[in-house]
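One structure is given below, encoded as structure tokens.
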Amino acid sequence: MAKGKTADKAATPTAHHAAGKTAGKTASKQKTPGASHARSNAARPSRDDAEAAVRVLLRWAGDDPEREGLIDTPARVVRAYEEFFSGYALEPRDILARTFSEVDGYDEMIVLKDIRFESYCEHHMVPIIGRAHVAYLPNHRVVGISKLARLVDAFAKRLQIQEKMTVQIADTLFDVLQPKGVGVILEAAHQCISTRGIHKPGVEMVTSRMLGTFRTDPATRREFLSIVANPSAVNLTNT
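Take this note's numbering: the final residue in the sequence shown is number 232, and no numbers are missing along the way.
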């Protein structure tokens, strides 16, 4: 009988409720950004796992990963992917952390144009190659010009869609520097439409994001557009 009573107590609603609370707390803890980041790192496959996956793809494509020409391909692909997707290891906001306030009263537009970037389509994992034009109207604080190019690369070296990348660059610059305005234009050729699908080489996609005075003041926007509107800014290729 004592065993039966113990079993009955274990099955009481109070016990279930307590268990539910504990599970809820555990789930809540797991939903925090830090925990999510830790889980993703813990679950990251090893280099050996990644190379094995490449061998599977080679066999799926119909080739032999053990033949001479492909024997080192899995290792090469993994090394290449480390470079292609190096943006995941960067915190873009940190790139803009160091600013300068001694600009001798300079309050005109700052533009870094024709920033070449190479990204990868998140739908097909093929290259997106293009140029970025990044501008801002400073509000007492400026950043080293190389940092604008690094900011573009930090977001480009990931699996991307061009629309999202445009927003990420502009919003990060606007949030960190807090300038009067920001303008970002990306022009890119997507190999997912030039080498597959509809096979349309030479087609370029243009996206833009205007914030602050670049959105509210037509004259500021026109100035930015006139600066980037030249042949070198739009003559893109897939190479």
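Positions of the beta carbon are idealized from the N, C-alpha and C atoms, including for glycine. Keep in mind that this is a model prediction, so the values were computed, not measured.
Rounded separation between residue i and residue j - CA only
| i | j | result |
| --- | --- | --- |
| K106 | E180 | 11 Å |
| G190 | I122 | 18 Å |
| R40 | F148 | 23 Å |
| K150 | E75 | 10 Å |
| V71 | Y129 | 37 Å |
| F77 | Q184 | 15 Å |
| R208 | A45 | 49 Å |
| I154 | P120 | 11 Å |
| T25 | I108 | Its pLDDT being 35, under 50, T25 is placed unreliably in this model, and the value from its coordinates should be taken loosely. Their backbone Cα atoms lie some 36 Å apart in a straight line. |
| L204 | T165 | 11 Å |
| L218 | C114 | 26 Å |
| S94 | D146 | 25 Å |
| A36 | F167 | 33 Å |
| I64 | G195 | 35 Å |
| V175 | P38 | 39 Å |
| T206 | D100 | 13 Å |
| G80 | T92 | 22 Å |
| A82 | D56 | 33 Å |
| L50 | L152 | 19 Å |
| R60 | A43 | 19 Å |
| A73 | M102 | 37 Å |
Nonlocal neighbours in the same chain, by C-beta distance under 8 Å from residue i, ignoring five residues either side
| i | result |
| --- | --- |
| Q171 | N132, R134 |
| R48 | P58, P67 |
| L144 | P85, I88, L89, V127, I162, T165, L166 |
| D210 | G174 |
| M118 | L152 |
Bounding residues of the alpha helix (DSSP H) (the contiguous stretch that carries residue i)
| i | result |
| --- | --- |
| M118 | It is not in any alpha helix (DSSP H) - M118 carries neither H nor E in the DSSP assignment. |
| I138 | 138 to 149 |
| P67 | 66 to 77 |
| Q161 | 155 to 170 |
| V47 | 40 to 54 |
| D87 | 85 to 88 |
| F211 | Reading off the sequence shown, one finds Pro at residue 211, where the question assumed Phe. Unbroken alpha helix (DSSP H) run through P211: 211 to 221. |
Cβ shell of residue i (< 7 Å), same chain only, five flanking positions each side left out
| i | result |
| --- | --- |
| K193 | I186, S187 |
| R52 | P58 |
| V221 | K106, H126, I178 |
| E156 | T200 |
Cβ-Cβ separation, residue j to residue i (assumed contact under 8 Å), whole Å
| i | j | result |
| --- | --- | --- |
| R215 | A163 | With a Cβ gap of about 18 Å, R215 and A163 do not count as contacting. |
| V199 | L89 | Actually they do not touch by this definition, with Cβ atoms about 25 Å apart. |
Residue range of the unbroken beta strand (DSSP E) whose run includes residue i
| i | result |
| --- | --- |
| S201 | 197 to 205 |
| A182 | 174 to 183 |
Cβ shell of residue i (< 6 Å), same chain only, five flanking positions each side left out
| i | result |
| --- | --- |
| V96 | V135 |
| V177 | V127, T159, I162, A163, R202 |
| G138 | According to the sequence shown, residue 138 is Ile rather than Gly. So the qualifying residues of the chain are L105. |
Residue i classed as buried or exposed, judged by whether at least 16 other C-beta atoms fall within 10 angstroms
| i | result |
| --- | --- |
| P85 | buried |
| S112 | buried |
| R69 | exposed |
| R124 | buried |
| L141 | buried |
| G98 | exposed |
| G62 | exposed |
| A212 | exposed |
| K173 | buried |
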